[in-house]
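Student:
In the numbering used here, the protein residues as written are 1 to 93.
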(Lines of atoms letter the chains of each structure in order from A; the text may use other names.)
(Lines give C-alpha, C1' and ligand atoms only; values in the text may rest on other atoms or scores of the structure.)
Protein backbone atom coordinates (compact mmCIF):
# COMPACT_ATOMS: atom_id res chain seq x y z
CA UNK A 1 0.00 0.00 0.00
CA UNK A 2 2.78 2.44 0.87
CA UNK A 3 4.65 1.83 -2.38
CA UNK A 4 1.53 2.40 -4.46
CA UNK A 5 0.80 5.64 -2.60
CA UNK A 6 4.37 6.84 -3.05
CA UNK A 7 4.16 6.13 -6.78
CA UNK A 8 0.76 7.81 -7.25
CA UNK A 9 1.30 10.87 -5.05
CA UNK A 10 3.45 12.90 -7.51
CA UNK A 11 0.90 12.36 -10.27
CA UNK A 12 -1.95 13.42 -7.99
CA UNK A 13 -0.06 16.55 -6.93
CA UNK A 14 0.61 17.37 -10.60
CA UNK A 15 -3.06 16.96 -11.54
CA UNK A 16 -4.14 19.16 -8.63
CA UNK A 17 -1.57 21.80 -9.62
CA UNK A 18 -2.78 21.81 -13.21
CA UNK A 19 -6.39 22.13 -12.06
CA UNK A 20 -5.56 25.07 -9.79
CA UNK A 21 -3.62 26.75 -12.62
CA UNK A 22 -6.54 26.28 -15.00
CA UNK A 23 -9.01 27.82 -12.54
CA UNK A 24 -6.67 30.76 -11.93
CA UNK A 25 -6.22 31.32 -15.69
CA UNK A 26 -9.98 31.18 -16.22
CA UNK A 27 -10.59 33.75 -13.49
CA UNK A 28 -7.94 35.99 -15.01
CA UNK A 29 -9.56 35.66 -18.46
CA UNK A 30 -12.95 36.70 -17.07
CA UNK A 31 -11.39 39.78 -15.44
CA UNK A 32 -9.53 40.57 -18.65
CA UNK A 33 -12.77 40.42 -20.66
CA UNK A 34 -14.46 42.81 -18.23
CA UNK A 35 -11.50 45.19 -18.34
CA UNK A 36 -11.49 45.11 -22.16
CA UNK A 37 -15.16 46.06 -22.22
CA UNK A 38 -14.61 48.95 -19.82
CA UNK A 39 -11.55 50.14 -21.77
CA UNK A 40 -13.46 50.03 -25.08
CA UNK A 41 -16.35 52.02 -23.62
CA UNK A 42 -13.91 54.57 -22.18
CA UNK A 43 -12.16 54.91 -25.54
CA UNK A 44 -15.55 55.35 -27.22
CA UNK A 45 -16.37 58.21 -24.82
CA UNK A 46 -12.98 59.80 -25.42
CA UNK A 47 -11.66 58.96 -21.95
CA UNK A 48 -8.30 57.32 -21.24
CA UNK A 49 -8.78 53.55 -21.72
CA UNK A 50 -5.50 52.78 -19.93
CA UNK A 51 -7.24 53.53 -16.64
CA UNK A 52 -9.33 50.39 -17.17
CA UNK A 53 -6.60 48.05 -18.45
CA UNK A 54 -5.81 46.73 -14.96
CA UNK A 55 -2.10 46.40 -15.72
CA UNK A 56 -2.50 44.44 -18.96
CA UNK A 57 -0.90 45.46 -22.25
CA UNK A 58 -3.45 47.63 -24.08
CA UNK A 59 -3.90 48.29 -27.78
CA UNK A 60 -6.73 50.49 -29.09
CA UNK A 61 -7.94 50.03 -32.66
CA UNK A 62 -10.46 51.99 -34.70
CA UNK A 63 -12.66 50.17 -37.20
CA UNK A 64 -15.09 52.56 -38.79
CA UNK A 65 -17.45 53.75 -36.06
CA UNK A 66 -16.16 51.17 -33.61
CA UNK A 67 -13.33 51.59 -31.13
CA UNK A 68 -11.83 48.29 -29.99
CA UNK A 69 -9.64 47.61 -26.96
CA UNK A 70 -7.36 44.57 -27.02
CA UNK A 71 -5.80 43.49 -23.73
CA UNK A 72 -3.01 40.92 -23.35
CA UNK A 73 -1.62 39.43 -20.16
CA UNK A 74 0.84 36.63 -19.48
CA UNK A 75 -0.18 34.15 -16.79
CA UNK A 76 1.27 31.02 -15.22
CA UNK A 77 4.78 32.43 -15.28
CA UNK A 78 4.58 33.37 -18.94
CA UNK A 79 3.50 29.90 -20.05
CA UNK A 80 0.16 31.20 -21.30
CA UNK A 81 -0.85 34.52 -22.88
CA UNK A 82 -4.46 35.56 -22.48
CA UNK A 83 -6.10 38.01 -24.88
CA UNK A 84 -9.42 39.81 -24.62
CA UNK A 85 -10.99 42.09 -27.22
CA UNK A 86 -14.04 44.29 -26.90
CA UNK A 87 -15.49 46.98 -29.14
CA UNK A 88 -17.76 49.95 -28.47
CA UNK A 89 -19.35 52.65 -30.56
CA UNK A 90 -17.04 55.62 -30.94
CA UNK A 91 -19.83 58.17 -31.09
CA UNK A 92 -18.79 59.87 -27.88
CA UNK A 93 -15.66 61.35 -29.35
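All C-beta atoms, glycine included, are put in the ideal place defined by N, C-alpha and C. This structure is a prediction, so every number in the text was calculated from the model and none was measured.
Should residue 86 go down as buried or exposed, given a rule of 16 or more other Cβ atoms within 10 Å for buried?
Tutor: buried
Student: Identify the continuous beta strand (DSSP E) that holds residue 71 and give its terminal residues.
Tutor: Here the beta strand (DSSP E) through residue 71 covers 66-75.
Student: CB residue 70 to CB residue 83, shorter than 8 Å?
Tutor: yes
Student: From which residue to which residue does the beta strand (DSSP E) around residue 35 run?
Tutor: Residue 35 -> not in any beta strand (DSSP E); alpha helix (DSSP H) instead, spanning 2-45.
Student: Using the DSSP secondary-structure output, state which residues sit across from residue 82 in a beta bridge.
Tutor: 73
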